[in-house]
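Trainee:
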Amino acid sequence: MSEHHDDGPVAAQTRHVEALLEARGLLDAVELDRALEAFLAGASPAQGARVVARAWVEPEFQDRLLADGNAALEELGLSMGGGIQPQRLKVVANTETEHNVIVCTLCSCYPIALLGPSPTWYKSEAYRARVVRDPRGVLAEFGTELPEHVRITVWDASAETRYLVLPRRPAVPVSDEAELAALVTRNGLIGTAVL
Amino acid sequence: MFSSGDRVRTSRADPAHHTRVPRYARGAVGSVVEPIGEHPLPDDRARGVTTVEPVYTVRFSARELFGEGDHDVTVDVWESHLESA
Amino acid sequence: MSRINDVGGMTGFPGVVEELDEPPFHSDWEAHVFAMNRALIGAGVYNLDEFRDAVERMPPAVYLASSYYEKWLHGIQALLVEKGVCTADELRVQQR
Numbered sequence: 002m003s004e005h006h007d008d009g010p011v012a013a014q015t016r017h018v019e020a021l022l023e024a025r026g027l028l029d030a031v032e033l034d035r036a037l038e039a040f041l042a043g044a045s046p047a048q049g050a051r052v053v054a055r056a057w058v059e060p061e062f063q064d065r066l067l068a069d070g071n072a073a074l075e076e077l078g079l080s081m082g083g084g085i086q087p088q089r090l091k092v093v094a095n096t097e098t099e100h101n102v103i104v105c106t107l108c109s110c111y112p113i114a115l116l117g118p119s120p121t122w123y124k125s126e127a128y129r130a131r132v133v134r135d136p137r138g139v140l141a142e143f144g145t146e147l148p149e150h151v152r153i154t155v156w157d158a159s160a161e162t163r164y165l166v167l168p169r170r171p172a173v174p175v176s177d178e179a180e181l182a183a184l185v186t187r188n189g190l191i192g193t194a195v196l
Numbered sequence: 476m477f478s479s480g481d482r483v484r485t486s487r488a489d490p491a492h493h494t495r496v497p498r499y500a501r502g503a504v505g506s507v508v509e510p511i512g513e514h515p516l517p518d519d520r521a522r523g524v525t526t527v528e529p530v531y532t533v534r535f536s537a538r539e540l541f542g543e544g545d546h547d548v549t550v551d552v553w554e555s556h557l558e559s560a
Numbered sequence: 134m135s136r137i138n139d140v141g142g143m144t145g146f147p148g149v150v151e152e153l154d155e156p157p158f159h160s161d162w163e164a165h166v167f168a169m170n171r172a173l174i175g176a177g178v179y180n181l182d183e184f185r186d187a188v189e190r191m192p193p194a195v196y197l198a199s200s201y202y203e204k205w206l207h208g209i210q211a212l213l214v215e216k217g218v219c220t221a222d223e224l225r226v227q228q229r
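Chains as they are written, first to last, in our numbering: chain A, 2 to 196; chain B, 476 to 560; chain C, 134 to 229.
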């Protein structure tokens, strides 16, 4: 969190609503801060990167990950349970001929329990409106150009499933799992970048 | 119940209430990728009623949805918004 | 009567702009809106679909002019009134 203290009316309104709910016994400010800290400590793109790196170095794990994302996460001590309701994880793999991109056109569904809060652009009307219609155009805005023969699938998270892209392993002479994980970016996990 | 590979058409309904069928995917024909479990129908749960139904991932061609484009889009759709096509 | 949130496939929106090194939240109030919503859903005050519904019912012009967590705060407040947790008057910050 940044050190903004001057957010004006909306910050004041938030404090007012929170105080009102505390007075009603519906919230506890200390518990709220504790829950927020725990959530942010456990969910970040680094977790997604761990999953991807393991899939790159262990093909059997990759098979299990693509077949049942939630069960494979458990092997790494991770889960999709940090969300506000149980979420199914579906991992979709990029190949030489297929590229995947995720979106939630109706709101902002995202594998938040694993990756933490999504970036602002992911939640923007511009991304949600345009990526289903013109994924190549949107990817180009991220500097991502795919060969003509690559077929793009855009996964609109309109129900209880959360999607995660398994990027292609970069062609670099790295075999250490942790070093590979360091190559994985959030945009790679969303599908707006290739690694 | 639908199975992987089944051809399905989404509902054309344009309800005044909450729903999870995006406008761009209404009345469109696609193929079922896979069933993805049973979940409360959002249309009902937004009104405090729990109706549990199968949900399916459905793949559509961009041409079917927008009349142009060479990509695919998948949408997760509750069973009551689908019919055989 | 599709609602303003249902933007998939709409044309006319500008290019997607990425903020480099974006933090999880830009300010404390955003984090608090996020945490409050989770706590209220967790406590059963309302469910996730009721919350989405409340955001979707925003007047279109207000929806498009609001930041992400401003939309959330709007939805939370609408539900608190509708669920009888508090009144619209109580939600108004006192003028000093």
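The beta carbon of each residue, even a glycine, is placed where N, CA and C say it ideally should be.
Do we get a CB-CB distance below 9 angstroms when we pair leucine 197 (chain C) with the residues of chain A?
Mentor: True, the Cβ-Cβ gap to chain A drops below 9 angstroms.
Trainee: Which same chain residues, not among the five before or five after aspartate 8 (chain A), have their C-beta less than 8 angstroms away from its C-beta?
Mentor: Closer than 8 angstroms at Cβ, skipping near neighbours: no residue.
Trainee: For valine 508 (chain B) versus arginine 534 (chain B), is the C-beta distance shorter than 9 angstroms?
Mentor: Yes, the Cβ-Cβ distance between valine 508 (chain B) and arginine 534 (chain B) is below 9 angstroms.
Trainee: Is the distance from the Cβ of proline 510 (chain B) to the Cβ of tryptophan 553 (chain B) below 9 angstroms?
Mentor: Not a contact, by the Cβ cut-off of 9 angstroms.
Trainee: Per DSSP, what kind of secondary structure is glutamine 40 (chain A) in: helix, strand or coil?
Mentor: Looking at the sequence shown, residue 40 (chain A) is not glutamine but phenylalanine. Three-state DSSP puts phenylalanine 40 (chain A) in a helix.
Trainee: Got a sec: which bits of the segment 493 to 510 of chain B sit with their beta carbon under 7 angstroms from any beta carbon on chain A, in order along the chain?
Mentor: Cβ contacts with chain A come from Arg495, Pro497, Tyr499.
Trainee: Take serine 555 (chain B) as the anchor and find which of B:Ala500, B:Gly480, B:Arg482, B:Ser486 has the nearest alpha-carbon.
Mentor: Of the candidates B:Ala500, B:Gly480, B:Arg482, B:Ser486, the one whose C-alpha sits nearest the C-alpha of serine 555 (chain B) is B:Ser486.
Trainee: Where does arginine 169 (chain A) fall in DSSP's three states?
Mentor: Arginine 169 (chain A) falls in the coil class under three-state DSSP.
Trainee: Are there 16 or more other CB atoms within 10 angstroms of the CB of histidine 1 (chain A), so buried, or fewer, so exposed?
Mentor: For chain A, the structure presents residues 2 to 196; residue 1 (chain A) sits outside this window and is missing.
Trainee: Would you list the one or two residues that DSSP bridges to leucine 90 (chain A)?
Mentor: Looking at the DSSP assignment, leucine 90 (chain A) forms a beta bridge with A:Arg163.
Trainee: Measure the C-alpha to C-alpha separation of phenylalanine 146 (chain C) and arginine 35 (chain A) and round it to an integer number of angstroms.
Mentor: Approximately 38 angstroms, taken between the alpha carbons.
Trainee: Taking the CB atoms as reference points, tell me whether valine 195 (chain A) and proline 168 (chain A) lie closer together than 9 angstroms.
Mentor: For valine 195 (chain A) and proline 168 (chain A), yes; Cβs fall inside 9 angstroms.
Trainee: If we count Cβ pairs, one from each stretch, closer than 8 angstroms, do we get three or more for the segment 49 to 63 of chain A versus the segment 201 to 211 of chain C?
Mentor: Cβ pair count under 8 angstroms is below three, so no.
Trainee: Name the chain B residues whose beta carbon is nearer than 7 angstroms to that of aspartate 186 (chain C)?
Mentor: Under the 7 angstroms cutoff, chain B gives His493, Ala521.
Trainee: Taking only beta-carbon atoms, is proline 168 (chain A) less than 9 angstroms away from chain B?
Mentor: Cβ-Cβ to chain B under 9 angstroms: no for proline 168 (chain A).
Trainee: Output the boundary residues of the beta strand (DSSP E) element that contains arginine 484 (chain B).
Mentor: Residues 482 to 485.
Trainee: Would you list the one or two residues that DSSP bridges to tryptophan 57 (chain A)?
Mentor: None, per the DSSP bridge assignment.
Trainee: Determine contact between the segment 116 to 133 of chain A and the segment 521 to 536 of chain B, defined as no fewer than three beta-carbon pairs at a distance below 8 angstroms.
Mentor: No: the two stretches stay apart, fewer than three of their Cβ pairs being nearer than 8 angstroms.
Trainee: Quick test of the definition: if touching needs 3 or more C-beta pairs under 8 angstroms, does the segment 163 to 171 of chain C touch the segment 538 to 546 of chain B?
Mentor: At 8 angstroms Cβ cutoff, the stretches do not touch.
Trainee: As an exercise, report each continuous beta strand (DSSP E) stretch of at least 3 residues that is fully enclosed by the segment 103 to 169 of chain A, in chain order.
Mentor: For the segment 103 to 169 of chain A, whole beta strand (DSSP E) runs of length 3 or above, ordered along the chain, are 152 to 157, 162 to 167.
Trainee: Kindly give me the distance between the Cβ atoms of serine 176 (chain A) and leucine 107 (chain A), rounded to whole angstroms, as I take these residues to be in contact under 8 angstroms.
Mentor: Not really, about 41 angstroms apart at Cβ, beyond 8 angstroms.
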